[in-house]
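Take a look at the structure below.
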Amino acid sequence: MRASTRGFAIGCVVMQPEIPAFGSLVRAEGQASGETIYGLIYDVRVEDDPFVRQFIGANPPEEVVRDQRENRQVPIEVSVLAVGCGDGEGVRHCLPAQPPVTLDWLYQCSGEEIRDFTRRFDYFRLVLESRDVPTDELLAASLRAAAAARPENERQRFLVDAGRELVRLLAGDPTRLEGLLRRLHT
Amino acid sequence: MTLELSQLSEDVRTMGEVIAKRRQTTIDLVKLARQWLEDHADDGAPLRRAARSARKTAIPTEEPLDVVWPLPRMPEHFTVAAADGSQIQPDRHGAALYHLINVGSLVYRHGSGEAPQAKSEATLGYTDDDLYEHGMPVAGNLLDVRRDLAELTCLADACAGEQLDRTVALVDGSIILWVLKDLPGDARRTKIGAYLDQLDRIRRAGSVVGGFISRPGYDEVNRLLCLASLNGETKKAEEQPNPLEHLPDRAIFATLPPGARSALFVSAKETNRDFHAPRGHEVHFFYLNVVEEGQQPVIARVEVPAWVARDTERLDLVHGAVVAQARITGDYPYALARADELAYVSSRERAAFEEMVVTALLRAGIRSAPSPKAHYKRLTRMR
């Protein structure tokens, strides 16, 4: 729907269980051949649905409730913050040179892609410095998801390393750092 | 903004006044029509022959013309299968010549507490056989006919798969297929025949079928009343202006109580007489007020084939199922609304599909693009 090198928004319809989660790492095709743009979902907005609104307070039959929940596609707008790009050979934590292709697909990154992308923490700065984004919540949610994508015995270590990087970046702002580390812990 | 609203403000104001004036005239005409309905309520039998030879005139059945049938008691469990279709017309300005038919369907099992079965099925036409029929491009009416047939086939498939014999197949619109008359050879007969084959399948499956027409604009009963007022003299009816002209039948039946239906009539369409009737599917129709007590009437037209119209149990099932469905949303069958939603191809999906076509052509070594006209239209309409 909208795209810039800093991020993009997509409009789509999905089943309720498939609504993308806040903090998920996603990827889209770049303009150049073989280029991939990585991003973090920072906002998921369910668009107004006049058809569903008609049933509010109307006590619809069970069949209708289940149809809306299980069959019906929910119109949503997903906003993504760009945090990296890849060219087939490796992943860099930087803004892409160009925004993604219009009307292209957005893919949820696999566990392997998440582990690969979060091997380094250079993208923290891109998140922490972005405006109009719930940066601390986003970083904490994405790190929790990245930890969950690792084997259980590696999760603690991963979060401790991420915490250390945050201490380095936010040393001048102890209040913010404390809040973020608390979110990470929970 | 290219539409200069200020230029139209005077016309719109006048239009409002004209419509208000016309409303008063309509009220007077409705009074006259209802009077004729009452006066000639029992004249169905003598009028039948005249109505058959008159133009576009509803044919009375055995029922009194002004009879009102209340909402029948419905079984606890019954099924409504609805289907609707949409299409992408072939576009010579597009990247490639193709057409697409997308049929959406919903099978809703009342009283089950289960989620209905929702389905969308797309068919792409791109070969020469798909794109041309008798040398004519498959577009407009020819594509509409394919879509209508695909919708009914989808419903017949759904009926065949239902265990319960209380299944209503609900079509969006008329169940009389509209096919251009100037098709070569037997093409028209073949197409209508294929449509009737699907009605046969629904019948054989033990299901029933109904066509739901929202806010119908038909005036067949209106013409019948005019003919009745002229003592069934068809010549006079053809020569003299009809005082009820432009009055839709639904206005005459707006006094139907909530959930009640009107008398049954036979549709006067030529296709009905020439093709449906000989195969046992002669289309009958009735008007129906779908809303609940205390609501403004919403009159719909429901069409059913003869084998439903002549069987009280089957007819009641269609009548009750349509009302049950319409009352979920308030005034329109829920399953049809969902089938439409499942069939609809949005402009965004259309654009995405066109992109897919361009990419597929590139992979096949063909560089294609929309025509210059389409390209510039797209550019100027993007804002």
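Those protein sequences? They're chains A and B, same order as listed. Numbering follows my numbering, with no gaps: position 72 of the first sequence is 72. Numbering follows my numbering, with no gaps: position 102 of the second sequence is 1102. Built from N, CA and C at the ideal position, the CB exists for glycine as well. Given the structure is predicted, the values throughout are model-derived calculations rather than measurements.
Thinking just about the alpha-carbon of each residue, which of B/1007, B/1225 and B/1089 is nearest to the one in residue 1046 of chain B? B/1225
Among B/1076, B/1094 and B/1066, which has the Cα closest to the Cα of residue 1256 of chain B? B/1066
With 8 Å as the C-beta to C-beta threshold (strictly closer), list the residues of the segment 1332-1358 of chain B near chain A in chain order. 1334, 1337, 1338, 1341, 1348, 1351, 1352 and 1355
Selected residue, minimal CA-CA separation from residue 1242 of chain B, among B/1022, B/1032 and B/1312: B/1032
I want to see whether chain B comes within less than 9 Å of residue 48 of chain A, judged by CB atoms only; does it? no
Residues of the segment 1046-1069 of chain B with a CB closer than 8 Å to any CB of chain A: list them in chain order, please. none
Is any beta-carbon of chain A found at less than 9 Å from that of residue 1158 of chain B? no
Use the C-beta contact count for residue 89 of chain A: other C-beta atoms within 10 angstroms, 16 or more gives buried, fewer gives exposed. exposed
The beta strand (DSSP E) that contains residue 1101 of chain B, what's its start and end? 1099-1110
Give me the Cα-Cα distance between residue 132 of chain A and residue 1354 of chain B, rounded to the nearest whole angstrom. 34 Å
Rounded to whole angstroms, what's the CA-CA distance from residue 34 of chain A to residue 97 of chain A? Just pull it up for me. 13 Å
Are the Cβ atoms of residue 1196 of chain B and residue 1209 of chain B separated by less than 9 Å? no
Member of B/1162, B/1279 and B/1048 whose CA lies at the smallest distance from the CA of residue 1266 of chain B: B/1048
Can you tell which of A/65, A/148, A/80 and A/62 has its C-alpha closest to the C-alpha of residue 134 of chain A? A/80
Three-state secondary structure (DSSP) of residue 12 of chain A: strand
Can you give, in chain order, each stretch of the alpha helix (DSSP H) that sits fully within the segment 1153-1236 of chain B and has at least 4 residues? 1187-1204 and 1220-1229
Pick from B/1107, B/1315 and B/1098: whose alpha carbon is nearest that of residue 1162 of chain B? B/1107
Where does the unbroken beta strand (DSSP E) through residue 1084 of chain B begin, and where does it stop? 1078-1088
What residue from A/69, A/157, A/141 and A/176 has the CA that sits closest to residue 42 of chain A's CA? A/141
Using a Cβ-Cβ cut-off of 7 Å (strictly less than) and excluding sequence neighbours within five positions of residue 1097 of chain B, which residues of its own chain qualify? 1090 and 1131
Secondary structure at residue 1127 of chain B, three-state DSSP: helix, strand or coil? coil
Along chain B, which residues have their Cβ under 7 Å away from the Cβ of residue 61 of chain A? 1328
Assuming residue 1286 of chain B is part of the beta strand (DSSP E), what are its boundary residues? 1283-1289
C-beta neighbour in chain B for residue 8 of chain A, strict 9 Å: no
If residue 1211 of chain B sits next to residue 1313 of chain B, beta carbons under 8 Å apart, how far is it from one beta carbon to the other, in whole angstroms? Contact flag wrong, Cβ pair sits at about 19 Å.
With 9 Å as the threshold, decide whether the Cβ of residue 1225 of chain B is near any Cβ in chain A. no
Is the CB of residue 1113 of chain B under 9 Å away from at least one CB in chain A? yes
Where residue 1370 of chain B and residue 1351 of chain B are concerned, what is the direct C-alpha to C-alpha distance, given to the nearest angstrom? 12 Å
Kindly indicate if chain B contains any beta-carbon less than 9 Å away from that of residue 193 of chain A. What the structure shows of chain A is the stretch from 1 to 186, and residue 193 of chain A is not part of that stretch, so it cannot be assessed.
Quick test of the definition: if touching needs 3 or more C-beta pairs under 8 Å, does the segment 25-40 of chain A touch the segment 66-74 of chain A? no
So, is the C-beta of residue 1108 of chain B closer than 9 Å to a C-beta in chain A? yes
Option nearest residue 1395 of chain B by Cα separation, candidates B/1116, B/1054, B/1099 and B/1069: The structure shown has nothing for residue 1395 of chain B, since chain B only spans 1001 to 1383.
Output needed for residue 1329 of chain B: all residues of its chain with C-beta closer than 7 Å, excluding positions within five of it in sequence on either side, in chain order. 1337
I want to verify the contact list: residues of chain B whose CB lies under 7 Å from the CB of residue 53 of chain A, in sequence order. The contacting residues do not exist; residue 53 of chain A stays about 12 Å from chain B at best.
Return the bridge partner residues of residue 3 of chain A from the DSSP annotation. A/8
Burial state of residue 111 of chain A (16 or more Cβ within 10 Å): exposed
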